[in-house]
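One structure is given below, encoded as structure tokens.
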Amino acid sequence: MSELLVSGGQVLLPDHSVERADVLLDQDSGEIVDVGDLSGDDELDASGGLVIPGLVNAHTHVAMTLLRGYADDKPLDAWLQEDIWPVEAELTAEDVRVGTELGLIEMLKSGTTALNDMYFFMPEVVETVESAGMRARLGYGAITVGKDDDAAREEMRDGLAFAREYDGAADGRIRTAFMPHSLTTVGAEYYREFVPQAREADVPVHLHANETTDEVDPIVDEHGERPLEYAARLGLLEPGDYLAHGVHLDGSEIELLADRGTGVVHCPASNMKLASGMAPVQDLLDAGVPVGLGTDGAASNNDLDMFDEMRDAAMLGKLAADDASAVDAESVVEMATRGSAEILGFDSGRIERGANADLAVIDLDAPHLTPAHDLVSHLTYAARGSDVRHTVCDGQVLMRDRDVQVFDERAVRERASERASALVERAE
Ligand SMILES: N[C@@H](CCSC[C@H]1O[C@@H](n2cnc3c(=O)[nH]cnc32)[C@H](O)[C@@H]1O)C(=O)O
Ligand SMILES: [Zn+2]
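Going by the working numbering, the first residue of the sequence shown is number 947, and it counts up by one from there.
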């Protein structure tokens, strides 16, 4: 058995206590073997550091890194229709590959080991995630508005075919989901036809829901019911399904989510930047709804750093609840680790024997992390992605001493800049 000892650091345990301990990883099974005072041959130095579970970005569109800073300061609908969709129409498979490489490098450099991606050219994303050594739940984002019936059904079939073909790829590090884009961009008839097929294929359904009032109001007007009641009628919201955003939810919808065990991925930065609104995160937690955390795409954030997202979640959660004790540091760390991992169906997000060997080592040796009254507080409020020293997924070291082992960072950055310029030129 090939083993790796993450040695000399402090460790964040599942109960949020911090202890001095080593972590022994089995690189063959990809699991954590033991946590304690241990020894081993191959060592990864965590001295002066804090070992945390790898962060899990449960909702993003990774290759949108190519559109970072391309269109800012607009609300969702205008941003998508006037800026993003016209450029996305010009995307090639190679663009998505390079944009995904760039995004995964950014994630590894900020301690993220697992993600959810909804985008185009997903077979390229599968290959890229596989070479990165990361873990992911992937799906083709299907949209039917503006398409004729044949094109719309083909879009849904493509999404389903992708989910069927690639579930379990990369030795199980890659899982899939059926990903209709949202309740307003996919027609009811297509949900009725294709959701049962996703159930048959045994893949969960992931979609954007209740993100803006512009999206909620037309559903209420047209169907005389809340969007999530409408969704439930279409066969959505089964256990294992998960929504992105859930900003505008009423009490009955929160109850519905709790009853059904449907998860919500909170994306605070995107919700603030697009002025979509404030998700009722503390209410969701109180109701027992599974809550995870995601950055959304880099064009509405504008980075993929989950430390930023944790801080934003805490800040926005307090404002939304008008209560400084709401969405506290522990809840946020839980959301970014085990909460997101459970929503994506991975046994990651906890440093404990038997769990996936997915972790990050944070350097504590920095002025902004001094003094060390409370390291959970630091993770939520003070640490940054650039504090991550090493990133490990499935027992493999993917970033060592800030050097990404799995890609040539400089070459990817150059190619991504070239591709992004050419893409935007084609669209304009
Ligand atoms: N096959 C679809 C593409 C869907 S991928 C997922 C889509 O979600 C878009 N997106 C990114 N962020 C958000 C958001 O916050 N809300 C809704 N859509 C978003 C993203 O730009 C991309 O177009 C098509 O034919 O257009
Ligand atoms: Zn999104």
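The beta carbon of each residue, even a glycine, is placed where N, CA and C say it ideally should be.
Only a predicted model underlies this, so the values are computations on that prediction, with no experimental measurement involved.
With distances taken Cα to Cα, identify the nearest neighbour of residue 1109 among 1099, 1121, 1117.
1121
Buried or exposed for residue 1214, going by 16 or more other Cβ atoms inside 10 Å?
buried
Please classify residue 1241 as buried or exposed, where buried requires at least 16 neighbouring CB atoms within 10 angstroms.
buried
Looking at ligand 2, does it come within less than 7 angstroms of residue 1154, judged from the CB to the closest heavy atom?
yes
C-alpha gap between residue 978 and residue 1025, whole angstroms:
43 angstroms
Identify whether residue 1215 lies in helix, strand or coil by the three-state DSSP scheme.
helix
Helix, strand or coil: how does DSSP classify residue 1203 here?
helix
Within 7 angstroms: the Cβ of residue 1082 and any heavy atom of ligand 2?
no
Closest Cα partner of residue 1321 within the set 1293, 1294, 1360, 1278
1278
6 angstroms Cβ shell around residue 1268 - same chain, five flanking residues per side excluded
none
Go ahead and pull the three-state DSSP assignment for residue 1141.
helix
Please return the same chain residues whose Cβ sits closer than 7 angstroms to the Cβ of residue 1072, not counting the five positions on each side in sequence.
1084, 1112, 1115, 1120
Rounded to the nearest angstrom, what separates residue 1245 and residue 1048 at their Cα positions?
14 angstroms
Where residue 1292 sits in the DSSP three-state scheme
coil
Can you tell me which of 1369, 1356, 1344, 1324 puts its alpha carbon nearest to the alpha carbon of residue 973?
1344
So is residue 1102 buried or exposed if we call it buried at 16+ other beta carbons inside 10 Å?
buried
So for residue 1237, helix, strand or coil by DSSP?
strand
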